[in-house]
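Participant: Residues in the sequence shown are numbered from 0 upward in steps of one, following numbering that gives the first Met the number 0. From the three backbone atoms N, C-alpha and C, an ideal C-beta is built for every residue, glycine too. What follows is a structure written as C-alpha cells; I'll ask about it next.
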Amino acid sequence: MQLVLQFVDAHIDVSSLLWLFPITFMFHDFEEILTVEKWGNARGPGILKTLPGFAKKMYASSFQMNTHRFTQDVLVVYSIIVTATLLAALFQIYILFLAALHLYFLHVFTHIGQALLLKMYTPGVATAIVPVLPYSLYAYYRLMSEGMVGWSDMLWGLVFLAVLLPFCLIVLLKSRHRSALPKR
C-alpha cells in the first residue's frame with residue numbers, strides 16, 4: 000500500500016488533488032442524474048409504503064424527482080464544491096473544502112446503507128464506492144501528510160458542516176416539496 004501511495008503522491012500534485020474533487024463529484028452525480036428519475040418512478044411508491052409517517056412526508060417529494068429538478072440540485076451543490084475548491088486552491092482557505100469533503104465522504108455511507116437496507120441498487124451507489132470513497136480517503140491522507148490541514152482544521156470543518164447542513168437540507172427539501180406540488 001505504501002508503494003501505491005508513493006506512486007500516486009509522485010504523480011498528483013496538490014492543486015490537481017483539490018481539483019479532482021469537483022471532477023469526481025460530477026462522475027458520481029452523472030450516475031445519479033442518469034438513473035434517479037426512472038429508479039424513483041419504478042421503486043419509489045413501494046419504498047414509500049414501508050416508511051413511517053414522518054419519513055414518508057419528508058421523502059415523498061424526493062421520490063417524485065425528475066431529472067431536470069435533480070440536475071438543478073446538483074448544480075447548486077457543484078457550485079458550492081467549485082467555490083470551496085477555488086478558496087482552497089487559490090487562497091489556502093480550507094474550511095469550506097473540508098466541510099464539503101466531510102459531507103462527500105459521509106455521503107458514501109448513505110448510498111451503501113440505502114442499498115443494503117433496500118437490498119437493491121440505488122442511484123449513485125456504484126460511483127460512491129469508486130471514485131468517491133478512494134478520492135475522499137486519499138484527499139484526507141494527502142492534505143494531512145502535506146501539512147496543509149491538521150486535526151483541528153478537520154474538526155472545524157466538521158463543526159462548519161454541522162452548522163450549515165441542517166439549514167441546507169431544510170432549504171433543499173422545501174424546494175423539492177414546492178417543485179413537486181401540482182401546478183394550478
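Measuring only the C-alpha atoms, how far is Gly39 from Asp72?
Facilitator: If you take the alpha carbons of Gly39 and Asp72, they lie about 16 Å apart.
Participant: Please state the DSSP three-state secondary structure of Tyr120.
Facilitator: The answer is coil: DSSP assigns Tyr120 none of H, G, I, E or B.
Participant: Quick one: Cα of Met153 to Cα of Leu16, how far?
Facilitator: If I take the Cα positions, the gap works out to 17 Å.
Participant: Tell me which residues share the same chain as Ile92 and place their Cβ nearer than 6 Å to its Cβ, disregarding the 5 neighbours each side in the sequence.
Facilitator: So the qualifying residues of the chain are Leu86.
Participant: Excluding the 5 residues flanking Asp28 on each side, which residues of the same chain have their C-beta closer than 6 Å to its C-beta?
Facilitator: Excluding positions up to five away in sequence, the list reads Val73.
Participant: Within the continuous alpha helix (DSSP H) that includes Val73, where are the two ends?
Facilitator: Start and end: Thr66 to Phe90.
Participant: Classify Ala98 as buried or exposed, calling it buried when 16 or more other Cβ atoms lie within 10 Å of its own Cβ.
Facilitator: Under this definition Ala98 is a buried residue.
Participant: How big is the Cα-Cα spacing for Thr70 and Ile32?
Facilitator: Their backbone Cα atoms lie some 6 Å apart in a straight line.
Participant: Put Tyr137 into one of helix, strand or coil per three-state DSSP.
Facilitator: Here Tyr137 sits in helix by DSSP.
Participant: Indicate whether Leu142 and Val107 have their beta-carbon atoms separated by less than 7 Å.
Facilitator: The answer is no: Cβ separation not under 7 Å.
Participant: With a cut-off of 8 Å on the beta carbons, I'd call Leu95 and Thr82 a contact; round off their distance for me.
Facilitator: Right, the Cβ-Cβ distance comes to about 7 Å (below 8 Å), so this counts as a contact.
Participant: Rounding to the nearest angstrom, what Cα-Cα distance links Arg183 and Ile11 in this structure?
Facilitator: Because the pLDDT at Arg183 is just 48, under 50, the model does not fix this residue reliably, and the value given afterwards should be weighed accordingly. Cα to Cα, Arg183 sits roughly 53 Å from Ile11.
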